[in-house]
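**Q** If you read the sequence shown in UniProt numbering, its first letter stands for residue 1, the second for the next number, and so on.
In this text, a Cβ means the ideal position worked out from N, Cα and C, and glycines have one as well.
Nothing here was measured: the structure is a model prediction, and the numbers come from that model.
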Amino acid sequence: MRRLCYSDDHFWICFQDGRLQEPPAAPQDARAGDSETEEDRMLQGQLYYGGCPVLMAKRVTARKLWSQLNKLDDVDATDPARLALLRELLGSMGQDVAIESPFRCDYGNNIVLGSNCFINYNCTILDCNKVTLGDNVLIAPNVSIYTATHPTDAKLRHDWGPELAYPVTIGNDVWIGGNAVILPGVTIGDGAVIGAGAVVTKDVPPYVVVGGTPARIIKHLDKP
């Protein structure tokens with residue numbers, strides 16, 4: 001028997017002997033043990049249980065850090081105390097980075113920011129998988145970046161799991177407009193502009209303007 005599984009537009013589809021099958025489930029005892037393996041599955045785009053002890057502890061740690069960060073909303077985004085918290089929260093961060101409060105994320109350590117990045121108020125990043133921003137990225141208020149998703153089969157969503165996560169990559173010199181939503185697995189090319197309110201469901205080529213729901217190319221830009 002041959003079993004083939006793949007994701008199409010970030011939904012799991014599995015075939016075995018030509019017949020549609022349910023996606024492979026993580027072990028039922030995963031929430032009680034095997035915690036490091038659950039994190040590996042999460043970062044590899046496989047089904048995993050987010051309620052395992054290690055992942056729960058990491059989310060609590062991140063929540064404490066961004067809660068402290070958001071209490072410093074009366075100081076400039078480049079204040080040394082804010083930057084120190086960001087360096088502790090994020091996986092890595094380049095030079096001249098500013099993030100306005102409020103800011104929220106799941107883990108923080110899966111977020112990589114390049115240099116000269118600015119993230120405006122009320123950004124939410126669900127970084128269950130890697131979220132990578134290049135240099136000179138501008139993010140307007142109320143932007144959401146999601147790596148997290150769930151199986152479409154309702155039975156598999158019972159009892160808090162299992163879940164899926166796919167990485168998001170944002171290139172250099174990208175501008176993301178207010179209230180835009182970036183969905184799991186998306187790559188945005190260098191120099192692209194994401195219009196306000198856009199819902200980005202698939203990859204965006206370099207040096208284009210996209211907008212709408214779902215986002216579509218509305219203009220091609222000159223390369224520098």
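Rounding to the nearest angstrom, what Cα-Cα distance links residue 71 and residue 106 in this structure?
**A** Here residue 71 corresponds to residue number 71 of the sequence shown, with the count starting at 1. Here residue 106 corresponds to residue number 106 of the sequence shown, with the count starting at 1. So the alpha carbons of these two residues sit roughly 18 Å apart.
**Q** Given that a residue counts as buried once 16 or more other Cβ atoms are within 10 Å of its Cβ, and exposed if not, what is residue 214?
**A** The sequence position of residue 214 within the sequence shown is 214, counting from 1. That one is exposed.
**Q** Would you call the CB atoms of residue 165 and residue 91 closer than 8 Å?
**A** For the purposes of this step, residue 165 is taken as the residue at position 165 of the sequence shown. For the purposes of this step, residue 91 is taken as the residue at position 91 of the sequence shown. No, the Cβ-Cβ distance between residue 165 and residue 91 is not below 8 Å.
**Q** Excluding the five sequence neighbours on either side, which residues of its own chain have a C-beta within less than 8 Å of the C-beta of residue 207, listed in chain order?
**A** The residue you call residue 207 lines up with position 207 of the sequence shown. The residues are 189, 190, 191, 192, 220, 221, 222, 223.
**Q** Is residue 150 helix, strand or coil by DSSP?
**A** To locate residue 150, count along the sequence shown from 1; it is residue 150. Correct three-state label for residue 150: coil.
**Q** Exposed or buried, residue 123, counting other C-beta atoms within 10 Å across all chains shown (16 or more means buried)?
**A** On the sequence shown, position 123 is the one that residue 123 refers to. Note on residue 123: 16 or more other CB atoms within 10 angstroms of its CB, so buried under the neighbour-count rule.
**Q** Please report the residue range of the beta strand (DSSP E) in which residue 169 lies.
**A** Counting from one through the sequence shown, the residue named residue 169 turns up at place 169. Note, residue 169: beta strand (DSSP E), 168 to 170.
**Q** Along the chain, where does the beta strand (DSSP E) containing residue 133 start, and where does it finish?
**A** Within the sequence shown, numbered from 1, the residue matching residue 133 stands at position 133. Per DSSP, residue 133 belongs to the beta strand (DSSP E) from 131 to 133.
**Q** Out of 183, 68, 59, which one is the CA nearest neighbour of residue 109?
**A** Taking the sequence shown and counting its residues from 1, one reaches residue 109 at position 109. Here the closest residue by C-alpha is 59.
**Q** Check each candidate in 146, 158, 117 and name the one with the smallest Cα separation from residue 140.
**A** Working through the sequence shown from its first residue, we reach residue 140 at position 140. It is 117.
**Q** For residue 41, is the classification buried or exposed, using 16 other Cβ atoms within 10 angstroms of its Cβ as the cut-off for buried?
**A** As a first step, residue 41 must be located in the sequence shown, where it is residue number 41. That one is buried.
**Q** Helix or strand or just coil, what does DSSP make of residue 200?
**A** As a position in the sequence shown, residue 200 is number 200, starting the count at 1. Residue 200 falls in the strand class under three-state DSSP.
**Q** Using the rule of at least 16 other Cβ atoms within 10 Å of the residue's Cβ for burial, across every protein chain shown, is residue 25 buried or exposed?
**A** Reading the sequence shown from its first residue, position 25 is the one you call residue 25. Any reading at residue 25 must be qualified, since the residue scores a pLDDT of 44, below 50, and its modelled position is unreliable; the value itself is stated next. It counts as exposed.
**Q** Between residue 68 and residue 85, how many whole angstroms is the CB-CB distance? I'm expecting something under 8 Å.
**A** To locate residue 68, count along the sequence shown from 1; it is residue 68. To locate residue 85, count along the sequence shown from 1; it is residue 85. The pair is a contact, with the Cβ atoms about 6 Å apart (cut-off 8 Å).
**Q** Check each candidate in 135, 129, 151, 128 and name the one with the smallest Cα separation from residue 119.
**A** By 1-based counting over the sequence shown, the position of residue 119 is 119. Measuring from the Cα of residue 119, the nearest candidate turns out to be 135.
**Q** Which same chain residues end up closer than 7 Å to residue 104 when comparing Cβ atoms and leaving out the 5 residues on each side of it in sequence?
**A** Reading the sequence shown from its first residue, position 104 is the one you call residue 104. The residues are 66, 124.
**Q** Label residue 176 either buried or exposed according to how many other C-beta atoms from any shown protein chain fall within 10 Å of its C-beta, with 16 as the threshold for buried.
**A** Position 176 of the sequence shown, counted from the start, is the residue given in the question as residue 176. That one is buried.
**Q** With a CB to CB cut of under 8 Å and the five nearest residues on each side skipped, what residues in its chain are close to residue 154?
**A** By one-based count along the sequence shown, residue 154 stands at place 154. Result list for residue 154: empty, nothing under 8 Å.
**Q** Going along the chain, which residues of its own chain have a beta-carbon closer than 7 Å to the beta-carbon of residue 111, five neighbours each way excluded?
**A** As a position in the sequence shown, residue 111 is number 111, starting the count at 1. So the qualifying residues of the chain are 90, 91, 105, 125, 127, 131.
**Q** Leaving out the 5 sequence neighbours to the left and right, which residues in its chain are closer than 6 Å to residue 32 when beta-carbon positions are compared?
**A** One-based indexing of the sequence shown puts residue 32 at position 32. Reliability fails at residue 32, whose pLDDT of 44 lies under 50, so the model's placement of it is uncertain and no value is given.
**Q** Where does the unbroken alpha helix (DSSP H) through residue 63 begin, and where does it stop?
**A** Locating residue 63 in the sequence shown gives position 63, counting from the first residue. Element bounds for residue 63: 53 to 71.
**Q** Write down the C-beta distance between residue 129 and residue 179 rounded to the nearest angstrom, noting that I regard them as a contact closer than 8 Å.
**A** One-based indexing of the sequence shown puts residue 129 at position 129. One-based indexing of the sequence shown puts residue 179 at position 179. Incorrect: roughly 23 Å between the Cβ atoms, too far for contact.
**Q** Can you name, in chain order, every residue of its own chain whose Cβ lies under 6 Å from the Cβ of residue 50, other than the five neighbours on each side?
**A** In the sequence shown, residue 50 corresponds to position 50, counting from 1. Result list for residue 50: 163, in chain order.
**Q** Beta-carbon separation of residue 209 and residue 195 under 8 Å?
**A** As a position in the sequence shown, residue 209 is number 209, starting the count at 1. As a position in the sequence shown, residue 195 is number 195, starting the count at 1. Yes, the pair counts as a contact, with Cβ atoms nearer than the cut-off.
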